[in-house]
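Numbering (the numbering used here) for the sequence shown: 100 to 281.
Cβ atoms here follow ideal geometry from the backbone N, Cα and C, with glycine treated the same way.
Everything on this sheet refers to the single structure shown next.
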Amino acid sequence: MTDTDALTVDVPRRSPALPDLGLLLLRLAAGATMLQAGLMKAVDFSNTVGFMESGGWRMPGVAAFMVTAAETVGGLGLVLGVLTPLAACAVLAAMIDAWAVNVSGAAFWSNPFNVPFLVAFMATALLFIGAGRFSVDARVLDRPRWPAAIGVASFVVAVAAAVATWVLLNGTNPLHLTSPGS
């Protein structure tokens with residue numbers, strides 16, 4: 100027996116499927132959350148339009164349609180793991196604006212770590228990592244992971260879409276650090 104044999108320890112190997120199982124769980128959590136939110140908005144669309152109108156959104160019907168479509172289609176895409184960068188892009192854009200709505204009425208640190216904030220980070224992780232083996236992307240498109248450039252481009256598009264939507268349909272700066280008027 101050599102000195103190196105005495106230092107050898109049998110370490111159980113982790114299953115190669117565990118990271119993909121983790122991605123599945125992440126997709127299901129973010130996707131189901133968004134799918135439910137989108138379907139609730141679709142079922143009571145007039146209430147969604149009313150919420151946008153009471154929030155001062157220009158063209159509240161357009162704004163309501165955009166958020167309903169992004170949450171429903173993006174949520175379903177994440178649940179299934181189909182065209183994951185595009186689905187995550189839609190969810191991220193919607194959640195950036197939802198987060199801005201939630202914190203726009205109060206000082207920045209009043210409640211910044213809410214559901215839209217968390218789902219936005221979940222979607223961002225999926226943009227960069229991909230859907231994993233247990234997804235339509237992997238099974239049909241043979242893409243459990245997407246090239247990094249697609250993740251980065253999707254992130255840029257999501258942020259740009261959120262900012263453009265907010266500026267054009269809300270008329271204010273969504274990247275504020277204080278409450279409006281202060």
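| Same chain, Cβ closer than 6 Å to A257, neighbours up to 5 away in sequence not counted | C188, L191, A192
| Below 8 Å between beta carbons: does that hold for V282 and V235? | Because residue 282 is not part of the residues shown, which for the chain are 100 to 281, the question remains open.
| said: What would DSSP say about L182, mapped onto helix, strand or coil? | reply: coil
| message | Quick check: the Cα distance between M133 and L177, rounded to an integer number of angstroms? | response | 9 Å
| said: Measuring straight from C-alpha to C-alpha, what distance separates G231 and A186? | reply: 14 Å
| query | Using the rule of at least 16 other Cβ atoms within 10 Å of the residue's Cβ for burial, across every protein chain shown, is V239 buried or exposed? | reply | exposed
| task | Using a Cβ cut-off of 8 Å (strictly closer), state whether G121 contacts chain D. | result | In the structure shown, chain D does not exist; there is a single protein chain.
| task | Give the single residue among N269, V262, L225 whose Cα lies nearest to the Cα of V251. | result | L225
| message | Give me the residue from D196, F227, L117 with the minimum Cα distance to T271. | response | D196
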